[in-house]
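Inspection log for the structure reproduced underneath, given as structure tokens.
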Amino acid sequence: MSLVKKISALVGTMIGSFLLFMPSAFAQTVAAADTDFTVKKYIALAAGFGIAIAAVGGAMAQGKAVATTMEGIARNPGASGKMFVPMILGLALIESLVIYSLVISFTLVGKL
């Protein structure tokens with residue numbers, strides 16, 4: 531990814547988060563029921579974003595791990611036995627991070 535794309539993505543994220551949280555920052559008075567709804571809305575949003583980011587990150591990491599292992603096996607087919615077990619272990623650890631994110635998301639949704 532080029533530097534221009536990285537900077538534009540960062541600026542877009544900053545502006546988007548500013549616009550997302552600006553209404554609640556400048557609110558003068560908020561009723562108790564409205565505050566409860568706002569908190570629940572942000573909890574649901576956080577749970578959704580958390581599992582989405584974890585799924586994308588886990589998929590990218592697993593793809594990179596398998597691609598690198600397959601490249602190594604293609605270069606040296608005799609080493610496939612030595613590469614297979616660490617690859618499976620790495621995939622299990624990557625997947626465990628995604629599952630932890632899923633558990634955290636379920637916990638957050640349970641607070642609704």
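Counting the sequence shown from 1 gives a position; the numbering used here is that position plus 530. We put the CB at the ideal spot given by N, CA and C, even for glycine.
With a contact defined as Cβ atoms closer than 8 Å, residue 627 and residue 584 qualify at about 7 Å. Classified as buried, residue 577 has 16 or more neighbouring CB atoms from the shown chains inside 10 Å of its CB. DSSP places residue 533 within a helical segment (H, G or I) once states are collapsed to three.
Under the DSSP assignment, residue 622 falls in the alpha helix (DSSP H) whose first and last residues are 610 to 640. By the neighbour-count definition (other C-beta atoms within 10 Å, threshold 16), residue 547 is an exposed residue. Note on residue 631: 16 or more other CB atoms within 10 angstroms of its CB, so buried under the neighbour-count rule.
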